[in-house]
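A short write-up of the structure that comes next.
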Amino acid sequence: MQPSSAFPQRFSAVPRRYFDFVSGLWQIHPFREGNTRTTAVFTIIYLRRLGFTVVNKPFASNARLFRDALALDNTSDPDFKDPAPLNRFIEKTLFDSSITLERLRDSAPPNQTRTALPCFDPNQSEDNGRCQI
1 MQPSSAFPQR
11 FSAVPRRYFD
21 FVSGLWQIHP
31 FREGNTRTTA
41 VFTIIYLRRL
51 GFTVVNKPFA
61 SNARLFRDAL
71 ALDNTSDPDF
81 KDPAPLNRFI
91 EKTLFDSSIT
101 LERLRDSAPP
111 NQTRTALPCF
121 DPNQSEDNGR
131 CQI
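At position 90 of the sequence shown (counting the first as 1) the number is 90 in UniProt numbering, and the numbers step up by one without a gap.
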């Protein structure tokens, strides 16, 4: 998943700037349903036009995580705001498909429950329907 040879080697800032834009676009929520899917399709098409080889699989396989990562990136609550999950998603999608996306936040203290997020992984332990992240 590398950029085409026509794309400059200094591409590291471009995806983050683009995903800041995508994150803001997702926040608008113009549709009753399908905002995350629409954002994913827009993202794939745009990144392909920039010269990246991007497939739908990371978005389809991790749809809830993508949505939750966008939510964490967009929240105005400083206790929950965290761009790291979206950054990991970007890195996996564009540069390193071996990155696992099992948890939203690797930096969260063990057994800390974020009650604002529903459980997205059936293999994770649950506490009243909420995931341990």
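The C-beta atom is built at its ideal place from N, Cα and C for all residues, glycine as well.
Classification of residue i by the beta-carbon crowding that lies within 10 angstroms, buried from 16 upward
{"i": "residue 30", "result": "exposed"}
{"i": "residue 21", "result": "exposed"}
{"i": "residue 77", "result": "exposed"}
{"i": "residue 112", "result": "Unreliable placement is indicated for residue 112, whose pLDDT of 43 sits below 50; no coordinate value is reported for it."}
{"i": "residue 69", "result": "buried"}
{"i": "residue 16", "result": "exposed"}
Supposed contact pair residue j and residue i - C-beta distance, whole angstroms, cut 8 Å
{"i": "residue 90", "j": "residue 19", "result": "5 Å"}
{"i": "residue 36", "j": "residue 25", "result": "At roughly 11 Å, the Cβ-Cβ gap does not stay under 8 Å, so residue 36 and residue 25 are not in contact."}
Sequence-distant residues of the same chain with beta carbon closer than 6 Å to residue i, five excluded per side
{"i": "residue 73", "result": "23, 83 and 86"}
{"i": "residue 71", "result": "none"}
{"i": "residue 81", "result": "75"}
Sequence-distant residues of its chain with Cβ nearer than 7 Å to residue i (five each side left out)
{"i": "residue 56", "result": "44"}
{"i": "residue 92", "result": "58, 99 and 101"}
{"i": "residue 66", "result": "36, 40, 59 and 89"}
{"i": "residue 27", "result": "74"}
Residue-chain proximity (residue i, chain C), Cβ-Cβ < 8 Å
{"i": "residue 81", "result": "Checking the listed chains, one finds no chain C in this structure; it contains a single protein chain."}
Within 8 Å, strictly: CB atoms of residue i and residue j
{"i": "residue 48", "j": "residue 54", "result": "yes"}
Threshold first: 4 residues or longer. Then list the alpha helix (DSSP H) segments lying entirely within the segment 28-57, N to C. Those alpha helix (DSSP H) runs which fall completely within the segment 28-57 and span 4+ residues are 35-49.
Starting from the N-terminal side, write out each stretch of the alpha helix (DSSP H) that is 4 residues or longer and does not extend beyond the segment 79-105. Counting only runs of 4 or more, we get 84-94.
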